[in-house]
DNA sequence: TTGTTAAGCGGAGCAATGTTCCGTATGTTG
DNA sequence: CAACATACGGAACATTGCTCCGCTTAACAA
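Chains as they are written, first to last, in our numbering: chain A, 1 to 197; chain B, 198 to 394.
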């Protein structure tokens with residue numbers, strides 16, 4: 001989707017310096033996100049990448065675009081782990097819990113990412129990227145649980161994913177707060193018998 | 198705690214204009230928080246209250262101080278509702294769910310409050326204010342459940358409160374996300390039999 | 001009432017950061 | 001190597017948090 005050729009295959013590829021700079025920005029951003037969180041000033045990212053503000057903004061108009069680029073691979077890996085866990089787990093429910101823990105561990109180690117994911121103003125692209133890739137995987141796990149007769153739940157996959165993401169906010173900076181624990185409890189609740197909205 | 202006399206009862210009370218201005222700021226902030234969320238620019242609050250920046254900052258050095266002042270009464274009401282619900286509910290568990298729903302409804306209607314509550318940098322005072330008042334109430338409800346033999350849980354009251362608060366983030370701006378629903382599921386999980394961290 | 005004093009006021013000004021704009025430089029092609 | 005579109009860079013502007021200090025005025029006493 002970011003590549004150089006279009007669907008005709010005939011268009012001129014992007015200039016070499018442009019491609020080089022794009023990668024430099026992603027690398028610099030990845031480093032700074034780890035060091036200072038994803039809210040690190042745009043200036044600092046540009047400086048670390050050795051490019052000007054214009055270059056950075058041309059390629060990544062919003063911060064969300066940059067965050068998406070930096071974490072694309074890890075989101076993909078998480079998505080692919082879903083079916084794998086389903087295949088190798090004793091029950092769909094175990095698979096769901098294991099998969100959720102994977103997602104939690106990912107979010108918790110990225111300072112500020114979980115919060116950005118819920119920010120309706122300014123991170124739509126990020127939200128969409130995660131939702132598009134991960135909600136179907138979650139749905140698949142829920143469907144499997146449904147078919148396995150474990151007494152499956154009336155939770156929307158989207159709602160559950162957002163809940164899990166929310167529970168990760170602020171984890172990692174508070175020893176009294178354990179996101180994995182709460183996510184496990186939430187999923188237990190999803191599989192518990194009674195309901196009342 | 199905001200009043201004019203100290204423990205000696207002899208100190209000069211605050212000047213009348215100072216008290217007037219403090220109330221004007223709180224009123225203006227309350228209005229603007231509803232209209233624009235709690236991240237509304239300080240300048241706007243000062244302007245709406247008809248005071249200068251210096252006046253506002255002297256009384257409320259951080260935004261958290263202002264938020265605490267604005268919502269103090271509602272937090273207090275929520276805290277007092279805990280024992281009341283415990284007395285009038287069929288089971289401690291029902292009381293806990295009802296109380297949590299009360300808290301959720303409060304947070305969800307205050308744009309940005311739930312997010313600020315988890316913001317470790319910049320809102321410590323807010324976090325502390327809520328935690329100090331509400332965690333003991335939550336603990337009381339959990340203890341009651343514990344004593345009632347419903348098979349009570351190993352959740353810290355603090356952790357549960359933070360989880361509930363987190364689940365409220367971003368609710369109210371997304372019809373596909375229902376915070377009450379997820380909180381109910383979380384509490385169901387808290388009362389479910391098995392555990393694994 | 002009036003003078004004295006300290007509490008309080010207001011907003012200009014500084015700093016940090018997001019975002020745009022455009023003159024200049026350079027990769028690419030023929 | 002010439003010509004041109006692509007891409008670059010960073011100055012400049014806008015917004016917002018926060019501080020600082022000269023001026024105003026409420027409170028009190030004579």
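Every residue, glycine too, gets a C-beta built ideally from N, C-alpha and C.
Straight-line measurement puts the Cα of residue 179 of chain A at about 6 Å from the Cα of residue 171 of chain A.
With a cutoff of 8 Å on beta-carbon distance, residue 65 of chain A and residue 125 of chain A are scored as near each other. Excluding five sequence positions before and after residue 364 of chain B, the CB atoms of its chain that fall closer than 8 Å to its own CB belong to 301, 376, 379, 380 and 383, given in chain order. Around the Cβ of residue 41 of chain A, a 10 Å sphere holds fewer than 16 other Cβ atoms; the residue is exposed. Counting only Cβ-Cβ distances below 7 Å, residue 353 of chain B has contacts in chain A at 176, in chain order. Residue 118 of chain A counts as buried, since at least 16 other C-beta atoms from the protein chains shown sit within 10 angstroms of its C-beta. Separation of residue 336 of chain B and residue 354 of chain B (C-alpha to C-alpha, rounded to the nearest whole angstrom) is 5 Å.
Under the Cβ criterion of 8 Å, residue 112 of chain A is not counted among the residues facing chain B. The C-alpha of residue 386 of chain B is placed about 18 Å away from the C-alpha of residue 146 of chain A.
At the C-beta level, residue 77 of chain A and residue 85 of chain A stay beyond 8 Å of one another. Here the alpha carbon of residue 177 of chain A sits roughly 21 Å from the alpha carbon of residue 298 of chain B.
C-alpha of residue 108 of chain A to C-alpha of residue 26 of chain A: approximately 20 Å in a straight line. No residue range can be given for residue 370 of chain B, since it is assigned to no alpha helix (DSSP H) and is classified by DSSP as neither H nor E. In the assembly as shown, residue 345 of chain B is an exposed residue. Its beta-carbon has fewer than 16 other beta-carbons within 10 Å. By the C-beta density criterion, residue 324 of chain B is buried, having at least 16 other C-beta atoms within 10 angstroms. Annotation for residue 269 of chain B: the continuous alpha helix (DSSP H) segment containing it runs 260–285.
The beta carbon of residue 346 of chain B does not come within 8 Å of any beta carbon belonging to chain A, so the residue lies off that interface.
Residue state for residue 111 of chain A is assigned as coil, using DSSP reduced to three classes. Cα atoms of residue 310 of chain B and residue 264 of chain B: separation of roughly 9 Å, rounded to the nearest angstrom. Among the CB atoms of chain B, none fall inside 8 Å of the CB of residue 80 of chain A. Among the residues of the segment 294–320 of chain B, those with a Cβ less than 8 Å away from any Cβ of chain A are 312, 315, 316 and 317, in the order of the chain.
Restricting attention to A:161, A:142, A:111 and A:130, the CA atom closest to the CA of residue 169 of chain A is found in A:111. Along the segment 249–261 of chain B, there is no position whose C-beta sits under 7 Å from a C-beta of chain A.
Nearest in C-alpha terms to residue 236 of chain B, of all of A:131, A:121 and A:80, is A:121. The residue from A:44, A:59 and A:33 with its alpha-carbon nearest to that of residue 15 of chain A is A:59. Close partners of residue 129 of chain A in chain B (Cβ separation under 7 Å) are lacking, with about 16 Å as the shortest Cβ gap.
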